[in-house]
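Student: The working numbering numbers the first residue of the sequence shown as 21 and each following residue consecutively.
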Amino acid sequence: DYFKMANDVYSSDENEENYVFYRDREEWKDVTPVPQQDGPHPVVQIAYSDRFKDVFDYFRAVLKADERSERAFSLTKDAIALNAANYTVWHYRRLLLQDLKKDLWEEMKFVKDVIEDQPKNYQVWHHRRVLVEWLQDSSKELQFTEEILNMDAKNYHCWQHRQWCIREFKLWEGELDFVTNLLCEDLRNNSAWNQRFFVITNSTGFTPEVLEMEVSYTLQMIKRAPNNESAWNYLKGILMQAGAEISSYPKLMDTCQELRAAGVHAPYLLAFLLDCHEEMLETGSGDKQDNLDRAVQLCNQLAQEEDTIRKEYWNYCNRSLQLKYGTATGEA
Numbered sequence: 021d022y023f024k025m026a027n028d029v030y031s032s033d034e035n036e037e038n039y040v041f042y043r044d045r046e047e048w049k050d051v052t053p054v055p056q057q058d059g060p061h062p063v064v065q066i067a068y069s070d071r072f073k074d075v076f077d078y079f080r081a082v083l084k085a086d087e088r089s090e091r092a093f094s095l096t097k098d099a100i101a102l103n104a105a106n107y108t109v110w111h112y113r114r115l116l117l118q119d120l121k122k123d124l125w126e127e128m129k130f131v132k133d134v135i136e137d138q139p140k141n142y143q144v145w146h147h148r149r150v151l152v153e154w155l156q157d158s159s160k161e162l163q164f165t166e167e168i169l170n171m172d173a174k175n176y177h178c179w180q181h182r183q184w185c186i187r188e189f190k191l192w193e194g195e196l197d198f199v200t201n202l203l204c205e206d207l208r209n210n211s212a213w214n215q216r217f218f219v220i221t222n223s224t225g226f227t228p229e230v231l232e233m234e235v236s237y238t239l240q241m242i243k244r245a246p247n248n249e250s251a252w253n254y255l256k257g258i259l260m261q262a263g264a265e266i267s268s269y270p271k272l273m274d275t276c277q278e279l280r281a282a283g284v285h286a287p288y289l290l291a292f293l294l295d296c297h298e299e300m301l302e303t304g305s306g307d308k309q310d311n312l313d314r315a316v317q318l319c320n321q322l323a324q325e326e327d328t329i330r331k332e333y334w335n336y337c338n339r340s341l342q343l344k345y346g347t348a349t350g351e352a
């Protein structure tokens, strides 16, 4: 299967049966291969295949000679087929693309095939970014990244490339709708929540009107899945980004209390309520002792029942609040 992939996608040879080692090719007789140097006593030496050693021995030779030729360009294709994560091969291929004045759109087709086969390979995404920069044409990127995200909606490398294209070529229009659709499909998609934050921060910004809409939108999503950490993180993030106080949005506290009354004990809900009471203590809003007692109660519930893996952290928050704001019922 591996060699079928290598030949179908990358290799200049039609299939493995027809493969001819570089050492047996007449047109490479003038090149002395450079073997890999692992030292006199290699530890846990990698058992490379004969084909791998053959290709990379000749690749090291052309690299050492800084040969800029069609045969060197073809060799990089075979090297990529065997190890598409090799940065040096991609870098050398880019030098050859420029020196040989190769068709960059043909290279885009090639790199598309590699990405579709290895969508989480950093080097190949970087190569595509360089090509887009050289071409100064991002017309295919949103559609292409959407196709890759359909394979895995949380592909970090794909999101990184998409964000770069959007920022570099000002492709903000329609991106929020794209993200909303992704969240409709999977409201736990943390990557989509991150993209939503990225888009709004770099386009409209979190103006009072936008923040109001985003708070309402996020609360709707939280009601659908109260245990979804992504939505709670987004809610806290947008409030912090806008420098807004939780008390400025009474419906936030109301919604949290409604969820709690309905029997929801998600640690993210309790932690957000704790933030609410801590903020009120800091700003002097409401009854100080009541806020402190409620905050301590939440710390205890988180430490002892809902988020025991972080027990020590919640106990620390408990002690800190009592030291700062007064005396209340301590840890149970």
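Just so it is clear, CB atoms sit at the ideal spot from N, CA and C, and this is done for glycine as well.
Could you tell me how far apart the beta carbons of Leu207 and Ala245 are, in whole angstroms, since I believe they sit closer than 8 Å?
Tutor: For the purposes of this step, residue 207 is taken as the residue at position 187 of the sequence shown. For the purposes of this step, residue 245 is taken as the residue at position 225 of the sequence shown. Yes, they are in contact, since the Cβ atoms of Leu207 and Ala245 sit about 6 Å apart, within 8 Å.
Student: Does the count of Cβ pairs from the region 188–195 and the region 225–244 closer than 8 Å reach three?
Tutor: Flag = no, the region 188–195 and the region 225–244 do not touch.
Student: Measuring straight from C-alpha to C-alpha, what distance separates Glu87 and Ile258?
Tutor: Looking up residue 87 in the sequence shown gives position 67. Looking up residue 258 in the sequence shown gives position 238. Roughly 53 Å between the two C-alpha positions.
Student: So, with DSSP's three-state summary, where would you put Gly257?
Tutor: Within the sequence shown, residue 257 is the residue found at index 237, counting from 1. Note: Gly257 maps to helix in three-state DSSP.
Student: Would you be able to state if there are at least three C-beta pairs under 8 Å between the region 207–226 and the region 245–255?
Tutor: Yes, the region 245–255 is in contact with the region 207–226.
Student: With DSSP as the reference, label Asp137 as helix, strand or coil.
Tutor: Position 117 of the sequence shown, counted from the start, is the residue given in the question as residue 137. Here Asp137 sits in helix by DSSP.
Student: Quick one: what does DSSP say His297 is sitting in, helix, strand or coil?
Tutor: Position 277 of the sequence shown, counted from the first residue, corresponds to residue 297. DSSP places His297 in helix when its eight states are reduced to three.
Student: Give the straight-line distance between the Cα atoms of Val82 and Val75, rounded to the nearest whole angstrom.
Tutor: Taking the sequence shown and counting its residues from 1, one reaches residue 82 at position 62. Taking the sequence shown and counting its residues from 1, one reaches residue 75 at position 55. Distance between the alpha carbons of Val82 and Val75: 11 Å.
Student: For His297 versus Ala315, is the C-beta spacing smaller than 8 Å?
Tutor: Taking the first residue of the sequence shown as 1, we reach residue 297 at position 277. Taking the first residue of the sequence shown as 1, we reach residue 315 at position 295. Cβ atoms of His297 and Ala315: closer than 8 Å.
Student: Checking 8 Å against the spacing of the C-beta atoms, do Asp295 and Ile266 come in under that value?
Tutor: The residue labelled residue 295 in the question sits at position 275 within the sequence shown. The residue labelled residue 266 in the question sits at position 246 within the sequence shown. Taking 8 Å as the Cβ cut-off, Asp295 and Ile266 qualify as a contacting pair.
Student: Can you give me the C-alpha to C-alpha distance between Tyr333 and Leu290, rounded to a whole angstrom?
Tutor: In the sequence shown, residue 333 corresponds to position 313, counting from 1. In the sequence shown, residue 290 corresponds to position 270, counting from 1. For Tyr333 and Leu290, the distance between alpha carbons rounds to 14 Å.
Student: Let me know if Gln163 comes out buried or exposed under the rule of 16 or more other beta-carbons within 10 Å of its beta-carbon.
Tutor: Working through the sequence shown from its first residue, we reach residue 163 at position 143. Answer is exposed; the Cβ neighbour count stays below 16.
Student: If you count every other CB in all the chains shown that lies within 10 Å of the CB of Val51, and 16 or more means buried, which is it?
Tutor: Here residue 51 is taken as the residue at index 31 of the sequence shown, counted from 1. Its Cβ being crowded by 16 or more others within 10 Å, Val51 is buried.
Student: Just to confirm before moving on: does the CB-CB distance between Pro139 and Asn106 stay below 8 Å?
Tutor: Here residue 139 is taken as the residue at index 119 of the sequence shown, counted from 1. Here residue 106 is taken as the residue at index 86 of the sequence shown, counted from 1. Not closer than 8 Å, so no.
Student: Return the chain-ordered list of same chain residues with a C-beta closer than 6 Å to the C-beta of Val235, the five sequence neighbours on each side being excluded.
Tutor: Here residue 235 refers to the residue found at position 215 when the sequence shown is read from its first residue. Tyr269, listed in sequence order.
Student: Return the residue from the list Glu136, Leu318, Glu326 that minimises the CA-CA distance to Gln342.
Tutor: Reading the sequence shown from its first residue, position 322 is the one you call residue 342. Of the candidates Glu136, Leu318, Glu326, the one whose C-alpha sits nearest the C-alpha of Gln342 is Leu318.
Student: Rounding to the nearest angstrom, what Cα-Cα distance links Ala286 and Ser305 in this structure?
Tutor: Start at 1 with the first residue of the sequence shown, and residue 286 comes out as number 266. Start at 1 with the first residue of the sequence shown, and residue 305 comes out as number 285. When rounded, the distance between both Cα atoms is 26 Å.
Student: Where are the beta strand (DSSP E) runs, 3 residues long or more, that stay fully inside the region 91–155, in chain order?
Tutor: Runs of the beta strand (DSSP E) inside the region 91–155: none found.
Student: Measure the C-alpha to C-alpha separation of Asp313 and Ala264 and round it to an integer number of angstroms.
Tutor: For the purposes of this step, residue 313 is taken as the residue at position 293 of the sequence shown. For the purposes of this step, residue 264 is taken as the residue at position 244 of the sequence shown. Cα to Cα, Asp313 sits roughly 24 Å from Ala264.
Student: Take Glu166 and list the residues in its own chain whose beta-carbon comes closer than 6 Å to its own, dropping the five residues that flank it on each side.
Tutor: The residue you call residue 166 lines up with position 146 of the sequence shown. Within the same chain, Glu166 has no close Cβ partners at all.
Student: Should Ala105 be flagged as near chain B, meaning a C-beta pair shorter than 8 Å?
Tutor: Here chain B cannot be found, since the structure has a single protein chain.
Student: When we look at the beta-carbon of Ser211 and count the other beta-carbons within 10 Å, is it buried (16 or more) or exposed?
Tutor: Here residue 211 corresponds to residue number 191 of the sequence shown, with the count starting at 1. With 16 or more Cβ atoms within 10 Å of its Cβ, Ser211 is classed as buried.
Student: Can you check which of these residues, Ser69, Lys73, Glu161, Asp44, is closest to Gln57 by C-alpha distance?
Tutor: Stepping through the sequence shown from its first residue, residue 57 is reached at position 37. Measuring from the Cα of Gln57, the nearest candidate turns out to be Lys73.
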